[in-house]
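Following: one structure in structure tokens, then a few remarks.
There are 2 protein chains.
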Amino acid sequence: MYAVDDKGRVSLPAKLRKYVSPEANDAFVITRGFEKCLFVYPVDEWNKLEENLRNLSSYDPEHRRFIRAFLELASESQLDAQARLTIPQELREYASIQNEVRIIGTLDKIELWNPKVYEEYKSSEPESYESMAARVMR
Amino acid sequence: MYAVDDKGRVSLPAKLRKYVSPEANDAFVITRGFEKCLFVYPVDEWNKLEENLRNLSSYDPEHRRFIRAFLELASESQLDAQARLTIPQELREYASIQNEVRIIGTLDKIELWNPKVYEEYKSSEPESYESMAARVMR
DNA sequence: CCATAATTCCCCACTTTTCCCCACTGGTAA
DNA sequence: TTACCAGTGGGGAAAAGTGGGGAATTATGG
Chain P
-9 MYAVDDKGRV SLPAKLRKYV SPEANDAFVI TRGFEKCLFV YPVDEWNKLE ENLRNLSSYD
51 PEHRRFIRAF LELASESQLD AQARLTIPQE LREYASIQNE VRIIGTLDKI ELWNPKVYEE
111 YKSSEPESYE SMAARVMR
Chain C
-9 MYAVDDKGRV SLPAKLRKYV SPEANDAFVI TRGFEKCLFV YPVDEWNKLE ENLRNLSSYD
51 PEHRRFIRAF LELASESQLD AQARLTIPQE LREYASIQNE VRIIGTLDKI ELWNPKVYEE
111 YKSSEPESYE SMAARVMR
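Sequence lines, in order, name chains P and C.
For the first sequence, my numbering gives the first residue as -9, with consecutive numbering after it.
For the second sequence, my numbering gives the first residue as -9, with consecutive numbering after it.
Laid out in structure tokens, this is it:
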């Protein structure tokens, strides 16, 4: 659990920072995530994703809509000298993030959650962790 | 049975340590296990597992949920000069580990249990060891 | 185009946590 | 007994995380 100060700043935990490619040069793109969380992509990962988005067709209404939703709130930001990111107000509102965040590293990106929202998300699943694992992991 | 000190440190028994690949360089990833135990993976084993996770689709809600649950508490940690690992507070809480742990080597990883929880787990299986063997090993 | 307001960014300072080091105990083997 | 290794405990330095002041930049309104 990490603090968000009044300026909307969040420390990226050292534990996660060490997995971020130096290529990213401490730059990240924050955008709207799924289940009301925020996605934080190191820029190198973001660029790969952007390539995939370019392969969508802006002539397909569905694709168009998705691209807009995904990029609407996207915002690049640089770590400050204390390894913090500033989360834009609109994104904080989207994710209902006030003074605390839960931070989860998920392979290609980092997720930021309102802790309460995350707990609700977890408890909204009736299936146990164990049986989910048995199914998902083959 | 091994001690956990106030700083959350646990000695990895020499008996188990000798089976860990030198490739792991004394680095381990601890995460949430099944039946409220903790999994401790030598990094080389963890990397294999991570590959499998990367093959899941983060656009599938089920997969996404599993990835989050699995990685939420995951934390890399290095053996100290006395061959101990520090277990993060949140993981200790998850597994109800206080001052003592039962440590079980299970082929690809090591499990840490609250001793009492482990006893309860054992006695929760009515089937005998022998008939279980007959069924599982065929 | 200027003046003012608002926001962003940079810097410094403090607190908390983590990690490194040293020391001790008890058991086992020489 | 002595030497050694495994396991345990704790103090202190270093790193990580947190908070806020103020300059620089950008936006807003006249």
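Ideal Cβ placement from N, Cα and C applies to all residues, glycine included.
The structure presented is a predicted model; accordingly, all values stated were derived computationally and were not measured.
In angstroms with no decimal places, state the Cα-to-Cα distance between residue i and residue j.
i              : j              : result
S48 (chain C)  : R92 (chain P)  : 19 Å
A73 (chain C)  : N15 (chain C)  : 12 Å
G23 (chain P)  : L97 (chain C)  : 37 Å
L102 (chain C) : L61 (chain C)  : 17 Å
E117 (chain P) : L43 (chain P)  : 33 Å
R54 (chain C)  : V107 (chain C) : 29 Å
P51 (chain C)  : I57 (chain C)  : 10 Å
L46 (chain C)  : W36 (chain C)  : 16 Å
A85 (chain P)  : P32 (chain P)  : 19 Å
Grouping DSSP H, G and I as helix and E and B as strand, with all else coil, what is residue i?
i              : result
Y9 (chain C)   : coil
E115 (chain C) : coil
Q88 (chain P)  : coil
K99 (chain C)  : strand
Y31 (chain C)  : strand
Q68 (chain P)  : strand
Y108 (chain P) : helix
A73 (chain C)  : coil
I believe residue i touches residue j by the beta-carbon criterion, under 8 Å. Please report the beta-carbon distance rounded to the nearest angstrom.
i              : j               : result
I100 (chain C) : G(-2) (chain C) : That belief does not hold up - the Cβ atoms of I100 (chain C) and G(-2) (chain C) are roughly 16 Å apart, past 8 Å.
Report yes if the C-beta distance between residue i and residue j is below 8 Å; otherwise report no.
i               : j             : result
I20 (chain P)   : S65 (chain P) : yes
L81 (chain C)   : L69 (chain C) : no
Y111 (chain P)  : E13 (chain P) : no
S67 (chain C)   : F18 (chain C) : yes
A(-7) (chain P) : N89 (chain P) : yes
D34 (chain P)   : S11 (chain P) : yes
Y119 (chain P)  : A59 (chain C) : yes
Would you verify that the beta carbon of residue i is, or is not, closer than 8 Å to some beta carbon of chain P?
i              : result
F56 (chain C)  : yes
A59 (chain C)  : yes
S65 (chain C)  : yes
R44 (chain C)  : yes
E52 (chain C)  : yes
E115 (chain C) : no
F24 (chain C)  : yes
Is there a Cβ from chain C that is less than 8 Å from the Cβ of residue i?
i              : result
T96 (chain P)  : yes
E120 (chain P) : yes
K5 (chain P)   : yes
V71 (chain P)  : Here residue 71 (chain P) turns out to be Ala, not Val, going by the sequence shown. No, A71 (chain P) does not count as interfacial toward chain C.
A85 (chain P)  : no
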